[in-house]
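Visitor:
Residue numbers (my numbering): 507 to 703.
Here you go:
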């Protein structure tokens, strides 16, 4: 799913959660398009989206058919876009956030934004080369505090924790948190603006 503005010099690659390109992801893409970015949202699972009730099946499907090595393809795509755009950002949610995190060693990216990527904990040896913003929910299925402590001294990295649960940005999720979602969206906008100065 691609959405283009007229004559934009800024591109954003949006990487979805385990569910695929669902209504939440489409709305995120639309917000970026309305802000003047050309948006590219590859369907990583290459099928119709899963429902929220199918979370176990969706996760199993992702791990069996996609995996986090997908970052290599996303890096290649970002490099192609850099030939056309002044700035290329990658924004990921959940598994998409972990893939985005794995792309932060790409110097051609203008910035990486990773929203509640719980498997980032498996890749703490990565050292960002481009500006990177990690957004974590304090209430998650793993030790967020411990991971933040491991990552916080890395260069080019900003980390913000939110008093919310995994998936708090998604208004269709039972974990949606309106207040923290607005705060996160403001943080994302500020980060992108800083990177494009």
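Ideal placement from N, C-alpha and C gives every residue a C-beta, glycine not left out.
(1) From residue 549 to residue 659, what does the alpha carbon distance come to, in whole angstroms?
(2) Using 8 Å as the threshold, is the C-beta distance between residue 641 and residue 610 below it?
(3) With DSSP as the reference, label residue 657 as helix, strand or coil.
(4) Note down, in chain order, each residue of its chain lying with its Cβ closer than 6 Å to the Cβ of residue 587, except the 5 sequence neighbours on either side.
(5) Strictly by DSSP, which residues pair up with residue 638?
(6) Measure the C-alpha to C-alpha separation of residue 572 and residue 673 and round it to an integer number of angstroms.
(7) Does the beta-carbon of residue 569 have 16 or more other beta-carbons within 10 angstroms, so that it is buried, or is it exposed?
(8) Count the other CB atoms within 10 Å of the CB of residue 581; is the residue buried (16 or more) or exposed (fewer)?
(9) Consult DSSP for residue 623 and reduce its assignment to one of helix, strand or coil.
Guide: Looking at the coordinates:
(1) The residue you call residue 549 lines up with position 43 of the chain shown. The residue you call residue 659 lines up with position 153 of the chain shown. Taking the straight line from one Cα to the other gives about 33 Å.
(2) As a first step, residue 641 is located in the chain shown; it is residue number 135 there, counting from the start. As a first step, residue 610 is located in the chain shown; it is residue number 104 there, counting from the start. No, they are not a contact pair.
(3) Position 151 of the chain shown, counted from the first residue, corresponds to residue 657. Looking at residue 657 - three-state DSSP - the assignment turns out to be helix.
(4) Mapped onto the chain shown, residue 587 falls at position 81. Counting only Cβ-Cβ distances below 6 Å, and skipping sequence neighbours, we find 517 and 594.
(5) Locating residue 638 in the chain shown gives position 132, counting from the first residue. In DSSP, residue 638 forms a bridge with 618 and 663.
(6) Locating residue 572 in the chain shown gives position 66, where the first residue counts as 1. Locating residue 673 in the chain shown gives position 167, where the first residue counts as 1. Approximately 20 Å between the Cα atoms of the pair.
(7) Here residue 569 corresponds to residue number 63 of the chain shown, with the count starting at 1. By the 10 Å Cβ count, residue 569 comes out exposed.
(8) Along the chain shown, one-based indexing puts residue 581 at 75. Classification of residue 581: buried, given that the 10 Å Cβ count is 16 or more.
(9) Stepping through the chain shown from its first residue, residue 623 is reached at position 117. Three-state DSSP puts residue 623 in coil, outside helix and strand.
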